[in-house]
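For the sequence shown, the positions run 157 to 276 when this note's numbering is used. Below is one structure; the comments refer to it alone.
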Amino acid sequence: MRLKNILIVVKDIEQSKKFYHDLFGLDTILDSDGNMILTEGLVLQDEKIWKELLGKEILPESNSCELYFEEQNIEAFAEKLERLYPSIRYVNKLVVHSWGQKVIRFYDLDGNLIEVGTPM
Numbered sequence: 157m158r159l160k161n162i163l164i165v166v167k168d169i170e171q172s173k174k175f176y177h178d179l180f181g182l183d184t185i186l187d188s189d190g191n192m193i194l195t196e197g198l199v200l201q202d203e204k205i206w207k208e209l210l211g212k213e214i215l216p217e218s219n220s221c222e223l224y225f226e227e228q229n230i231e232a233f234a235e236k237l238e239r240l241y242p243s244i245r246y247v248n249k250l251v252v253h254s255w256g257q258k259v260i261r262f263y264d265l266d267g268n269l270i271e272v273g274t275p276m
């Protein structure tokens with residue numbers, strides 16, 4: 157068995173597709189009526205479908221998991237994030253951990269937590 161995809165819930169699938177393409181270069185592999193598979197195994201699912209399947213409310217900014225990306229030139233990434241999405245909500249802007257890794261944490265447009273760090 158192997159992990160195939162990671163699914164996140166989004167309110168506006170087209171807007172989220174643009175966000176993940178703009179910032180991370182992810183492209184669409186499959187677009188199937190409220191489910192969209194992007195490169196790197198990220199799946200976007202329309203919030204209405206997820207609510208119907210679960211029968212529960214979606215809790216944005218639940219902070220129970222995060223998407224983790226690595227970027228060598230994190231300063232350039234931080235500038236691009238600020239330029240393209242100036243109203244993005246940060247957990248922390250660019251910081252350097254005691255072990256030397258630089259990271260930035262923020263929420264996507266739907267409150268999914270994202271961390272971008274330099275490779276270790």
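Quick reminder that beta carbons are idealized off the backbone N, C-alpha and C, glycines included.
With the cut-off set at 8 Å, would you say residue i and residue j are in Cβ contact?
i: L222; j: I164; result: The question names Leu, but residue 222 is Glu in the sequence shown. No, Cβ-Cβ distance for E222 and I164 is not below 8 Å.
i: G273; j: E226; result: yes
i: A232; j: L250; result: no
Looking at the unbroken beta strand (DSSP E) that takes in residue i, where does it start and where does it end?
i: R261; result: 258-263
i: E217; result: Careful: E217 lies outside any beta strand (DSSP E) and carries neither H nor E.
i: L163; result: 162-166
Rounded to whole angstroms, what is the Cα-Cα separation between residue i and residue j?
i: P275; j: D264; result: 21 Å
i: R245; j: F262; result: 6 Å
i: D329; j: S218; result: One cannot answer for residue 329 here, as it falls past the ends of the chain, which runs 157 to 276.
i: K204; j: K167; result: 8 Å
Based on DSSP bridge pairs, tell me the residues matched to residue i.
i: M192; result: D187, L200
i: F225; result: V272
Could you give the residue range of the alpha helix (DSSP H) that holds residue i?
i: Y176; result: 169-180
i: K249; result: It is not in any alpha helix (DSSP H) - K249 instead sits in the beta strand (DSSP E) that spans 246-252.
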